[in-house]
Each structure stands twice: as C-alpha cells, then as structure tokens.
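For the sequence shown, my numbering begins at 102 and goes up steadily by one. The beta-carbon is built from N, C-alpha and C at its ideal position, and this holds for glycine as well. Fair warning: this is a prediction, and the values are worked out from it, not measured in the lab. Notes for the one structure printed next.
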Amino acid sequence: MQIKRSFLPSALAIGILFVAFNLRAPITGIGPIIHILKDYFNLSGGTGGLLTTLPLLAFAAVSPFVAQFSKKYGYGMVMFAGLILLLVGELIRSYTGIAGLFAGTLLLGVGIGIGNVLLPSIIKKEFVLHTGLMLGLYTLSLNIFASISAGASAPLTERMGWRNSLAVWIPLALITLFIWLPQVFKRNHSASEPEKVILVNDKGLSIWKSMLAWWVTLYMGIQSFIFYGLTAWLPSVMISKGLSAEAAGNMTFLFQIAGLPTSLIIPSIAYKCKGQQTLTIINGLILISGLIFLIVSSSLWHYILAVTLVGLACGANLSLAISFISLRVSTSRKATELSGMSQSVGYILAAISPVLMGVVHDWTLNWAFALGILVIASGMLWLIGFKAAGDVVIKS
Numbered sequence: 102m103q104i105k106r107s108f109l110p111s112a113l114a115i116g117i118l119f120v121a122f123n124l125r126a127p128i129t130g131i132g133p134i135i136h137i138l139k140d141y142f143n144l145s146g147g148t149g150g151l152l153t154t155l156p157l158l159a160f161a162a163v164s165p166f167v168a169q170f171s172k173k174y175g176y177g178m179v180m181f182a183g184l185i186l187l188l189v190g191e192l193i194r195s196y197t198g199i200a201g202l203f204a205g206t207l208l209l210g211v212g213i214g215i216g217n218v219l220l221p222s223i224i225k226k227e228f229v230l231h232t233g234l235m236l237g238l239y240t241l242s243l244n245i246f247a248s249i250s251a252g253a254s255a256p257l258t259e260r261m262g263w264r265n266s267l268a269v270w271i272p273l274a275l276i277t278l279f280i281w282l283p284q285v286f287k288r289n290h291s292a293s294e295p296e297k298v299i300l301v302n303d304k305g306l307s308i309w310k311s312m313l314a315w316w317v318t319l320y321m322g323i324q325s326f327i328f329y330g331l332t333a334w335l336p337s338v339m340i341s342k343g344l345s346a347e348a349a350g351n352m353t354f355l356f357q358i359a360g361l362p363t364s365l366i367i368p369s370i371a372y373k374c375k376g377q378q379t380l381t382i383i384n385g386l387i388l389i390s391g392l393i394f395l396i397v398s399s400s401l402w403h404y405i406l407a408v409t410l411v412g413l414a415c416g417a418n419l420s421l422a423i424s425f426i427s428l429r430v431s432t433s434r435k436a437t438e439l440s441g442m443s444q445s446v447g448y449i450l451a452a453i454s455p456v457l458m459g460v461v462h463d464w465t466l467n468w469a470f471a472l473g474i475l476v477i478a479s480g481m482l483w484l485i486g487f488k489a490a491g492d493v494v495i496k497s
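What follows is the structure in structure tokens.
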C-alpha cells in the first residue's frame, strides 16, 4: 500500500507535465508560418491574427465553467475531456479547408483552456510541500514545447507542407491521453475542496468584487497580451528587418527558449518571498528595455540580444502570473476560482493583441507602431504587477 501511495503522485506529476507539453505548442507553431497561411488562404493581417486570437477567446469562454465541472466530475475526467477536444481540434485544423482551419483552432483552444485553469489548482492541491517546484516544472514544460514548436514549424513546413507541420503535435496529444487515463478513475480528486461557501475577500464580497483578484487577473491578461502578440507576429517583424523566413523562425525559437530559465526559477523564488514586488520591478525593466531595443535595433546581434531580453522577461511574466494564482489564495478551491476568473477575463485582453497588431501594421505598414503598443502594455504590467505581488491573500 505504501508503494501505491508513493507511485500515484509520481504518475500524476508525469501526467501534469505531459498535459503541459500540449498547452502552447499548437499555438506557437502558427506564428512562424502565418505568412504562408495568409498567402495560401488570401487572408488579411487582421484575419491572420485570428489564428492566434481564437484559442485565447476559447480560453476566456471556457475558463469560468471549468471549476464547476471539476467539482461535479473530478479534475481527472474534465482534463481527459479537454485532451480529447485538443486532439480533435488539431485534426480538423490540419486536414480541412479554411472553415476547418478556424473551427479546429477554436476547438483546440477550448481543450487548452481547460488545462490552463485546472493544472495550477491541481498542483496547489496535490503538491502542497512542493508547490513552487511543481509550478516551475509546469511553466518550464509549457515553454520547452512552445520553443520546439516555434523553432521547428518553418523547417517542417518547408519539408512536409503546412498541414503536416501543424499535425505533428497530434501524436503527443494521443500519448498524453493514455498517460492521463489513470487519473480519470481515481476517486475524490476534484481540484477544489467541497466547500459550500463562495470565494470571497476579507469584506465578504464575491471574488469578482475583490480588487486583489482583479490585479491578478489584469496581470495574467496583459502578460498574455504581450506574449501572444509576439508569438503571432515576431517572425513577420524579423522578416521585415531583412531576415529569411527560416532565420525569423529561429528568432522566434530564441524568444521562446530564452524564457526557460526564468520559467523554472521564478516560481521557487516567488514562494520563498513574502512579496514579489522586487521580481515584478526587475522583470518590468528588462521587458521594456528589450522591446524598445527590438524596435530600434538594425543588426543581427542586436536582434539576438533584444529577443533574448524579451524572452527572459516573458518567461518570468508567465511564471509570476501562474504563481500569483496560488500565492494570493489560501486553498486549492480558491485557486481554481481565481484561475477561472483570471484566465477568462485575462485572455479576452490577450485575444486583442494579435488582431490589433495585425491591423495596426496593415494601416501603417510599419511594425514599430505595433511593437509600441507592447511597450505601453509593458508599462501597465509593471504597475499592475506591483499591486498583484503584495504579501496578502483573498480570504474567505
């Protein structure tokens, strides 16, 4: 019996990491080949941006309902359903026409949205003594496969065509389904404790009226606004500066991989600090500096430095946003509720970025103005992060 107890958490940890492998790769692979899809389907910049925006809208739509389904059916079953939606969405997106391209993208976004909400709260519930470490491994897993997808997308498209390039993640989703299967049959494993009171702050108000919850939500939304704007259009920015499509894809890979160290380290540091204001201040300065340098730079080595700085900062942003969901609450039930709120509202904000940047570029024919929007957003993130990083929790 003791062997069983020690094995199950390990099986769950492996399952969490494999689910995380699937939560960014299907999206980050779009950016490096978006110009190919635009040409193939004759799409405008704004419409092309929808291919990155639709998953974010799906995240926003599904997030408020995940906690309720988790309580009723258990997180194992709900996550399994999310993986099925992800798998089906990838199939439809890859091997149908233009309607299927967008419909499949929306469907896989629903599956990813379920994982986005559930995994942080599962980690808080099941890994009480190692929450910081598991959150670090979770965000590291997100970024590793986001990096691989961004770097491999353009070369795979040249060799296999864009359909097979997008479909390359289908086997991973199928493997993850089987790895997650044991969690479906476990009992008493809702990601939320069976409390009957609603999540409230210290004044007895709904979480939606908690100012702290809104700071966390805005932090999640604006960091996603910046990340997904860059994920969608960084390759196009690099091509406009004279790089080849493959070199631009390599820059996107660098952007993703530069965030790996901060993804792993920041959650552990955050959990050891009473407040995280210093982390948000340092990270904000790095992000703003990197974006401005990216706008004004004009040589390859300057591009590399700018993209590295921005990647480091974006990796830290994601880790802090996910850490705030656990740090600003006292129970995993509250973490599920806050995760649902922050990701539903937050990803609505994030969904604006790819389309807005595409439209601004279409109007101005200059990526500097579109990147300037991200500089302004970074300044807002810096201020909001200071509020979200205080050593307080939403109390019940």
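C-beta contact flag for residue i and residue j at 8 Å
i	j	result
T332	L413	no
T277	F119	yes
V359	L428	Contrary to the premise, residue 359 reads as Ala rather than Val in this sequence. The answer is no: Cβ separation not under 8 Å.
A436	S222	yes
F181	W281	yes
M321	G116	no
A417	A247	no
P336	T353	yes
A274	L152	no
G216	G183	yes
G210	G376	no
Paired residues, beta bridge with residue i - DSSP
i	result
S427	Bridge partners of S427: none, in fact.
Contact test: residue i Cβ vs the ligand MN heavy atom, cutoff 7 Å
i	result
R260	For the structure depicted, the ligand MN is absent and the ligand set is empty, with no information on it obtainable.
Exposed unless 16 or more other CB atoms sit within 10 angstroms - verdict on residue i
i	result
T318	buried
P272	exposed
K226	buried
F279	exposed
R434	buried
A200	exposed
W468	buried
N384	buried
S424	buried
W464	exposed
Proximal residues to residue i (C-beta, below 6 Å), its chain only, five neighbours per side dropped
i	result
V460	G147
L541	The shown model of the chain, from 102 to 497, leaves out residue 541, and the question about it has no answer.
W334	M458
L355	V408
S431	V494
L158	A452
8 Å CB neighbourhood of residue i in its chain, flanking five on each side removed
i	result
F487	Q378, T381 and I382
I340	H136, A346 and A349
Q444	F160, A161, S164, G214, N217, V218 and M321
Same chain, Cβ closer than 7 Å to residue i, five either side skipped, listed in chain order
i	result
A204	I193
L392	V411, L472, L475, V476 and S479
I387	L410, L413 and A414
M481	I323
V269	L257
Where residue i falls: helix, strand or coil (DSSP)
i	result
D463	helix
A490	coil
W270	coil
I495	coil
F286	coil
W483	helix
S145	coil
N123	coil
E296	Confidence at E296 is low in this model, with a pLDDT of 41, below 50, so its placement is unreliable and the value that follows should be read with caution. Three-state DSSP puts E296 in coil, outside helix and strand.
I383	helix
Q324	helix
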